[in-house]
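Below: one structure, written as structure tokens.
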Amino acid sequence: MSILLDKRSKILVQGITGREGSFHTEQMLNYPSKVVAGVTPKKGGTLFLDKVPIYNSVEEAVNETGANVSVIFVPPFACQDAIFEAIFAKIKLIICITEGVSLHDMADVYSFLKTKKDVRLIGPNCPGIIAPGVCKAGIMPANAFMPGSVGIISRSGTLTYEISHMLTSNGIGQSTVVGIGGDPIIGTTFKDVLMLFERDTQTEMVFLVGEIGGTDEEDACDFIREMTKPVVAFISGASAPEGKRMGHAGAIVYGKMGSVQSKMEAFRSAGVLVAESIDDLLSIAKKTLGVVKTSKGSKQHLFEYYISQIEGSDFSGRF
Amino acid sequence: MRLFEYQAKSILGQFVNVPKGVLVDKENMNQMIPKLSLPCVLKAQVKVGGRGKAGGVLKVKDSNDLKSSFEKLFSMEIKGEKVEKVLVEELIDIERELYFSVIFYRPSRRFMLVFCEDGGVDIEQLAETKPDAITKVKVDPIIGIKDFMLRNLIKDFELYSLLNKFVKEAYKIFVEKDLVMLEINPLVITKNKEVVCADAKVEFDDNAMYKHPEFEAFLEKSEIEAKKLGFSYVPLDGDIGILGNGAGLVLATIDSVTRAGGKCANFLDIGGGAKSERVRSALKFLVEQKKLKGILINVFGGITRADEVAKGLLEFEEEHKLNLPVVVRLSGTKADEGLELLHGKYEIVTSLRDGAKKIVDLAK
Chain A
29 MSILLDKRSK ILVQGITGRE GSFHTEQMLN YPSKVVAGVT PKKGGTLFLD
79 KVPIYNSVEE AVNETGANVS VIFVPPFACQ DAIFEAIFAK IKLIICITEG
129 VSLHDMADVY SFLKTKKDVR LIGPNCPGII APGVCKAGIM PANAFMPGSV
179 GIISRSGTLT YEISHMLTSN GIGQSTVVGI GGDPIIGTTF KDVLMLFERD
229 TQTEMVFLVG EIGGTDEEDA CDFIREMTKP VVAFISGASA PEGKRMGHAG
279 AIVYGKMGSV QSKMEAFRSA GVLVAESIDD LLSIAKKTLG VVKTSKGSKQ
329 HLFEYYISQI EGSDFSGRF
Chain B
21 MRLFEYQAKS ILGQFVNVPK GVLVDKENMN QMIPKLSLPC VLKAQVKVGG
71 RGKAGGVLKV KDSNDLKSSF EKLFSMEIKG EKVEKVLVEE LIDIERELYF
121 SVIFYRPSRR FMLVFCEDGG VDIEQLAETK PDAITKVKVD PIIGIKDFML
171 RNLIKDFELY SLLNKFVKEA YKIFVEKDLV MLEINPLVIT KNKEVVCADA
221 KVEFDDNAMY KHPEFEAFLE KSEIEAKKLG FSYVPLDGDI GILGNGAGLV
271 LATIDSVTRA GGKCANFLDI GGGAKSERVR SALKFLVEQK KLKGILINVF
321 GGITRADEVA KGLLEFEEEH KLNLPVVVRL SGTKADEGLE LLHGKYEIVT
371 SLRDGAKKIV DLAK
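Each protein sequence line maps, in turn, to chains A and B. Under this note's numbering, the letters of the first sequence match residues 29 to 347, in that order. Under this note's numbering, the letters of the second sequence match residues 21 to 384, in that order.
Written as structure tokens, this is what we have:
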């Protein structure tokens, strides 16, 4: 089974008539995903591509079509409104693709979501979710993915395509790929998705693609220690110059949190293999999956085997 | 966007006390000098921290010292930032210097009030040696500030009463003006028990620009240019130009080139959904910034269509002869169409590792 999406996922697109919304709705329909409705205020009663009904409100669309997943493409200024509209229309999985939503708009959304435990928001500023062969709710190019057993969680859209494409062209498929988004405030973090992958029977190993900034990578480590499935991480930004510091306030509040160093140390201490370059992820996947299939042993055993295989290579001592 | 102190104070001054001040630059310096009342303090306007320790703040008592003090500041470079403007302020009657800030605290996605009874230039040191001296209170944006939070933040009751109104007002500014950080260090209590913001560091959320047209005046030329063109650009030290889409992929591309032994000249993310025109202007912008030895283009099409990127490159080359090695990697949405357009004209690679090696070789 995939996570978050399945055959019963009925997609609603908020902002279906906009440039990005219409282009990607067509791509989703071609995947094929079940896009059952679109919402654009004032355009209710018309059809998108002669087949998808458009409604004036999310509530109306949900009542008429039973949509249970919303994908949001509205412009940044209308995004907070669109997310709240989806929450109040009882959509349980909201995927926000929009880039450039303001921090304070999202701070309010995040605070409200804390009181709604059964609603999951993915993004904003994310590529969405794809369960290869099952459903695509997002903007990723479909040809980069194929069904398989690697779960991927990523903060970066294009890096996700890059890595999946590399795996797919080498015959390694993915269970579900979740782009959680690169903004300072996102609805779902690494830890949330890792918990789902750990329970998922299709997923045998997890790739985690992080980035400098924030502490979500570090915060996921306590859970990773308890996981039985191997987790491999890549963090981009190792050679990026130090960002502009946020006055004294940044130093006082954050200290050394959020640097690539801090993330790598946290990962290694939690038993995560950290790849130095995305090109290395392919050989890591091949070897790890081989071991998963032949040994069915504990995670510790897996990594011991793994280290013995890569001694002297680029990654020795990288645990 | 980080604001200069004088810009920050022009906003804060509408709501809380800031010292009276006037802005002086090299051009109007000679006209302004006779009009200044003494004693005063001259403050170099830079966006980096550590100005006080670098000697960027000068007290002037004697009118004979004014010109030389200005000249000293205008010839100064603080952590690589040239001083173009000086804020001249009245001296304030300081009784106590405190530290106060509101900041977005990313790990819990909340806002955080930070306070310390000892403000001034050594606050970071204090945070390490006496962390208990600094108090922090998280604020849920939906609930806002309540008095008990302020009592937890400011333990001294006299200070609490004195600062209650100010902190609430500062938080209101933080929210209404869409700030990411508002730092007042020092926050001064005068001998008359007035609360005055002696310095101000403000970071504004660029995504909220549409709500605050008043902040547009604070954008710098290069920022306006980049914003108008729709991409984000950060200059780096090297000579290999990088153009890609998505911050993560551009960062990973820079990491790869660095690993292959090259040095990148920049970070340039053309953003999501770039059309050929944006790619063309990004390339133009890229070669105008500094002399390059080569360019690596790495685009994976999602919301961006790869054929648009190829068209942008060809359109650019039609107008300007590049005379530079260019290595291109395109994949994803419309990649085949894009590569067909570029076939035979540019070095085309399929993996990022190959691309990084190739551009480093060609740029030698």
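Virtual Cβ for every residue (Gly too), placed ideally from N, Cα, C.
Closer than 9 Å at the beta carbon, the chain B residues around residue i
i, result
"A:Asp247", "Pro127"
"A:Ile122", "Those do not exist, as A:Ile122 stays about 17 Å from chain B at its closest Cβ, beyond 9 Å."
"A:Pro195", "Contrary to the premise, residue 195 of chain A reads as Leu rather than Pro in this sequence. Ordered by position in chain B, no residue passes the 9 Å Cβ test against A:Leu195, which lies about 13 Å from the chain."
"A:Ser61", "The premise fails here: A:Ser61 is roughly 16 Å from chain B at the closest Cβ pair, so nothing lies under 9 Å."
"A:Ala106", "Correct list: empty, because the minimum Cβ distance to chain B is about 11 Å."
"A:Arg148", "Neighbours of A:Arg148 on chain B: none; closest Cβ ~15 Å, over 9 Å."
"A:Gly66", "Under the 9 Å cutoff, chain B gives no residues; its nearest Cβ is about 18 Å from A:Gly66."
"A:Glu54", "Ordered by position in chain B, no residue passes the 9 Å Cβ test against A:Glu54, which lies about 12 Å from the chain."
Beta-carbon proximity of residue i to residue j, cut-off 8 Å
i, j, result
"B:Arg126", "A:Thr243", "yes"
"A:Thr229", "A:Lys257", "no"
"B:Gly139", "B:Leu207", "yes"
"A:Val99", "A:Ile119", "no"
"B:Phe287", "B:Tyr253", "yes"
"A:Lys38", "A:Asn96", "yes"
"B:Thr155", "B:Phe135", "yes"
"A:Val300", "A:Ala266", "no"
"B:Gly268", "B:Ala285", "no"
"A:Ile31", "A:Leu149", "no"
"A:Ala89", "A:Ala65", "yes"
"A:Ala159", "B:Gly352", "no"
"A:Ile213", "A:Met285", "no"
"B:Gly358", "B:Asp381", "no"
"B:Leu303", "B:Lys331", "no"
"B:Leu202", "B:Leu173", "no"
"B:Phe238", "B:Val36", "no"
"B:Gly314", "B:Leu334", "no"
"B:Glu115", "B:Lys211", "yes"
For residue i, the nearest candidate out of the options (CA to CA)
i, options, result
"B:Ile31", "B:Lys81, B:Val347 and B:Ala220", "B:Ala220"
"B:Gly321", "A:Glu190, A:Val162, A:Glu87 and A:Lys38", "A:Glu190"
"A:Pro155", "A:Ala135, A:Val129 and A:Leu187", "A:Leu187"
"B:Asn265", "B:Arg349, B:Ala74 and B:Arg130", "B:Arg349"
"A:Leu195", "A:Met174, A:Asp109 and A:Ile214", "A:Met174"
"A:Pro152", "A:Asp211, A:Val178, A:Ala170 and A:Asp247", "A:Asp211"
"B:Ala376", "B:Val307, B:Gly281 and B:Phe194", "B:Gly281"
"A:Ile306", "B:Ala294, B:Ala285, B:Ser276 and B:Leu306", "B:Ser276"
"A:Met255", "A:Met233, A:Ile44 and A:Lys142", "A:Met233"
"A:Leu33", "A:Ser297, A:Gly49, A:Ile123 and A:Phe76", "A:Ile123"
"B:Lys197", "B:Ile315, B:Met229 and B:Gly41", "B:Met229"
"A:Phe101", "A:Ser192, A:Phe295 and A:Phe51", "A:Phe51"
"B:Glu308", "B:Lys341, B:Gly292 and B:Gly291", "B:Lys341"
Any C-beta of chain D under 8 Å from that of residue i
i, result
"B:Phe186", "Note that chain D does not occur in the displayed structure, where the protein chains are A and B."
Where residue i meets chain A, residues with beta-carbon distance less than 9 Å
i, result
"B:Arg171", "Those within 9 Å of B:Arg171 in chain A number zero; the least Cβ separation is about 21 Å."
"B:Glu140", "The sequence given here places Gly at residue 140 of chain B; Glu does not occur at that position. By Cβ distance, chain A contributes nothing, its closest Cβ being about 10 Å from B:Gly140, past 9 Å."
"B:Val398", "This structure does not reach residue 398 of chain B, given that chain B is present from 21 up to 384, and the question cannot be answered."
Interface partners of residue i on chain B, CB under 8 Å
i, result
"A:Glu127", "Gly291 and Gly292"
"A:Leu131", "Phe124, Asp198, Val200, Asp225, Asn227 and Ala228"
Residues that residue i contacts on chain B, provided the C-beta gap is smaller than 7 Å
i, result
"A:Pro160", "Under the 7 Å cutoff, chain B gives no residues; its nearest Cβ is about 15 Å from A:Pro160."
"A:Ser50", "Per Cβ cutoff of 7 Å: no residues; A:Ser50 is ~13 Å from chain B at best."
"A:Ala172", "Gly352"
"A:Ile306", "Ala272 and Leu372"
"A:Ser15", "It is not possible to answer for residue 15 of chain A, since the shown part of chain A is limited to 29 through 347."
"A:Pro169", "Gly321, Gly322, Gly352 and Thr353"
"A:Ser264", "Gly268, Leu271, Ala272 and Asp275"
Under 7 Å from the C-beta of residue i: neighbouring residues of chain A
i, result
"B:Ile162", "Asp136, Ser139 and Phe140"
"B:Gly100", "Ordered by position in chain A, no residue passes the 7 Å Cβ test against B:Gly100, which lies about 12 Å from the chain."
"B:Phe320", "Thr186, Tyr189 and Glu190"
"B:Val329", "Per Cβ cutoff of 7 Å: no residues; B:Val329 is ~12 Å from chain A at best."
"B:Val195", "His132"
Amino acids of chain A, ordered along the chain, whose beta-carbon sits closer than 8 Å to that of residue i
i, result
"B:Val215", "Those within 8 Å of B:Val215 in chain A number zero; the least Cβ separation is about 19 Å."
Review point. Going along the chain, which residues of the region 247 to 276 of chain B sit with their C-beta nearer than 7 Å to a C-beta in chain A?
Key: Of all residues in the region 247 to 276 of chain B, the ones placed with a Cβ closer than 7 Å to any Cβ belonging to chain A are Leu256, Asn265, Gly266, Ala267, Gly268, Leu269, Leu271, Ala272, Ile274, Asp275 and Ser276, in chain order.
Practice item. Name, going along the chain, the residues of the region 190 to 220 of chain A whose beta-carbon falls closer than 7 Å to a beta-carbon of chain B. Key: Within the region 190 to 220 of chain A, the qualifying residues are Glu190, His193, Gly210, Pro212 and Ile213.
**Study point:** Complete runs of the beta strand (DSSP E) confined to the region 37 to 115 of chain B [at least 3 residues]
**Key:** Fully enclosed beta strand (DSSP E) runs of 3 or longer: 41 to 45, 60 to 64, 77 to 80 and 105 to 110.
**Study point:** alpha helix (DSSP H) runs contained entirely in the region 168 to 210 of chain B, provided each spans 4 or more residues
**Key:** Qualifying alpha helix (DSSP H) stretches, in chain order: 177 to 196.
Check your understanding: Which residues, in order along the region 343 to 359 of chain B, keep a beta-carbon less than 7 Å from a beta-carbon of chain A?
Key -> Result list: Ser351, Gly352 and Thr353.
Check your understanding: At which residue ranges does the region 36 to 117 of chain A contain complete alpha helix (DSSP H) runs of 4 or more residues, listed in the order of the chain?
Key -> Within the region 36 to 117 of chain A, the complete alpha helix (DSSP H) segments at least 4 residues long are 47 to 58, 86 to 93 and 107 to 116, listed from N- to C-terminus.
Exercise for review: Select from the region 176 to 187 of chain A all residues with a C-beta closer than 8 Å to any C-beta belonging to chain B, and list them in chain order.
Suggested key: Of all residues in the region 176 to 187 of chain A, only Ser182, Arg183, Ser184, Gly185, Thr186 and Leu187 place a beta-carbon less than 8 Å from a beta-carbon of chain B.
Check your understanding: Residue ranges of each alpha helix (DSSP H) run of no fewer than 4 residues wholly in the region 312 to 371 of chain B, ordered along the chain?
Key -> Within the region 312 to 371 of chain B, the complete alpha helix (DSSP H) segments of 4 residues or longer fall at 326 to 339 and 355 to 362, listed in chain order.
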